[in-house]
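Structure first, then comments.
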């Protein structure tokens with residue numbers, strides 16, 4: 025591989041709080057090492073359309089406190105084709121980019137993996153997704169901020185639930201992983217979390233009602249992971265109304281506010297660490313790996329491992345939830 029003199033940086037897929045921190049860290053770490061930085065706007069779409077500009081250190085000043093991504097993100101059906109990726113590669117070579125750092129989730133890393141297989145260009149991925157569903161890393165950028173947003177929202181919902189002695193089903197994001205629902209339920213003192221990996225094995229609603237809804241409480245809140253497997257909060261609320269008409273049931277769908285907001289200190293720190301580590305990885309000659317954190321240490325995870333089957337939930341956390349919510 026030829027010596028790296030210029031890197032490209034881009035964000036793709038759904039935004040996550042802390043992406044800007046990672047952009048800042050990658051840019052400044054690269055410049056510190058004497059490399060040029062080309063920023064790709066609008067993800068893989070921008071890579072095909074040639075939306076590429078050079079970044080200096082001042083381009084990333086005063087951005088780490090903001091959510092979203094200053095580089096924007098757009099879906100690209102064209103990048104799914106060989107023709108689209110060929111155009112993207114031609115733009116990469118024309119801009120003199122020797123390596124790519126991509127920031128995003130499962131789809132983003134899938135794209136980088138295919139691109140790296142087809143063309144001889146090193147790709148490093150930084151995991152940024154509120155779903156926390158990538159293998160090989162204990163946490164992803166944005167997850168902690170989203171978890172705190174859920175906790176704050178549920179705390180407010182608890183006020184009205186208690187005032188009216190209601191059962192609330194609160195729907196949260198998380199794809200098919202369920203990490204936000206489970207850990208959000210523990211953090212906010214919910215009575216139950218309905219998550220994909222569990223609901224197919226047992227009837228969580230029936231168990232929840234059977235085990236004593238409102239025996240000792242003036243309100244109950246159930247977090248439901250939004251997925252095809254669970255059916256979402258609306259389905260569970262409708263079923264509860266039909267099977268338990270004596271209950272006063274309400275639904276709250278938190279939606280996209282979970283992706284927004286100022287990143288927490290934790291997300292800012294791991295984004296900065298991962299951003300710096302992506303440049304260190306390239307300096308070491310590594311390619312086609314995702315930056316991860318394992319037991320608070322930086323690790324390099326092959327793309328093939330990072331995007332394999334979804335990370336499994338620690339079912340011991342469900343026991344904790346049930347034990348402390350009686």
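Residue numbers (the numbering used here): 25 to 350.
Where is the CB? At the ideal position from N, CA and C, for every residue including glycine.
A quick note: this is a predicted structure, and the numbers were derived from the prediction, not measured.
Candidates 172, 139, 63, of which the one nearest residue 286 by Cα | 172
If we ignore side chains and look at the alpha-carbon of each, how far apart do residue 135 and residue 185 end up?
-> 44 Å
Residue nearest to residue 271 in terms of C-alpha spacing, selected from 192, 56, 42, 144 = 192
Assign residue 340 to buried or exposed, taking buried as 16 or more other Cβ atoms, counted over all protein chains shown, within 10 Å of its Cβ.
-> exposed
Exposure label - residue 85; buried when at least 16 CB within 10 Å | exposed
Residues in its own chain within less than 7 Å of residue 30 by CB, not counting five upstream and five downstream?
-> Answer for residue 30: 59, 60, 62, 120, 121, 122, listed in chain order.
Extent of the continuous alpha helix (DSSP H) to which residue 304 belongs = 289–307
Residues that residue 192 bridges to, as DSSP identifies them = 245, 274
Can you give me the start and stop residues for the alpha helix (DSSP H) that residue 73 sits inside?
-> 67–73
Nonlocal neighbours in the same chain, by C-beta distance under 6 Å from residue 160, ignoring five residues either side = 316, 325, 329, 330
Going by C-alpha distance, which of 188, 166, 182 is nearest residue 198?
-> 166
Out of 335, 283, 296, point me to the one whose CA is closest to residue 91's CA.
-> 283
With residue 62 as the anchor, note down where its beta strand (DSSP E) starts and where it stops.
-> Following the DSSP letters along the chain, one finds residue 62 inside the beta strand (DSSP E) bounded by residues 60–64.
So, using beta-carbon positions, are residue 55 and residue 81 closer together than 8 Å?
-> In this structure, residue 81 lies closer than 8 Å to residue 55 by Cβ.
So what does DSSP say about residue 25, is it helix, strand or coil?
-> With a pLDDT of 47 at residue 25, under the threshold of 50, the predicted position of this residue should be treated as unreliable, though the coordinate-derived value follows. Correct three-state label for residue 25: coil.
Could you pull the start and end residues of the beta strand (DSSP E) that residue 318 belongs to?
-> 313–318
Residues of its chain near residue 247, where Cβ-Cβ distance is below 6 Å and the 5 sequence neighbours each way are ignored = 194, 196, 205, 208, 209, 214, 217
Status (buried if at least 16 other CB within 10 Å, exposed otherwise) for residue 110 | exposed
Would you mind giving the Cβ-Cβ distance between residue 356 and residue 201, rounded to the nearest angstrom? I have them listed as a contact below 8 Å.
-> One cannot answer for residue 356 here, as it falls past the ends of the chain, which runs 25 to 350.
For residue 119, the three-state DSSP class (helix, strand or coil) | coil
Using a threshold of 8 Å, state whether the C-beta atoms of residue 67 and residue 97 are closer than that.
-> yes
Beta-ladder partner(s) of residue 32, from DSSP | 62, 124
On a CA-only basis, which of 347, 93, 162, 269 is nearest residue 321? Give me that one, please.
-> 162
Note down, in chain order, each residue of its chain lying with its Cβ closer than 7 Å to the Cβ of residue 265, except the 5 sequence neighbours on either side.
-> 273
What is the C-beta distance between residue 93 and residue 175, in whole angstroms, given that I count them as a contact (C-beta under 8 Å)?
-> So it is not a contact: roughly 24 Å between Cβ atoms.
Simplified DSSP assignment, three categories, for residue 250 = coil
Residues of its chain near residue 168, where Cβ-Cβ distance is below 7 Å and the 5 sequence neighbours each way are ignored | 288, 290, 291
Considering residue 130, what are the terminal residues of the alpha helix (DSSP H) in which it resides?
-> 130–142
Cβ neighbour criterion (16 or more within 10 Å) applied to residue 307 | exposed
With 16 other CB atoms within 10 Å as the buried threshold, where does residue 224 fall?
-> For residue 224, the predicted structure reports a pLDDT of 47, less than 50, and the residue's modelled location is therefore unreliable. A value from the coordinates is still provided. That one is exposed.
According to the neighbour-count rule (16 or more other Cβ atoms, all chains shown, within 10 Å of its Cβ), is residue 179 buried or exposed?
-> Counting other Cβ atoms within 10 Å of its Cβ, residue 179 stays below 16 and is therefore classed as exposed.
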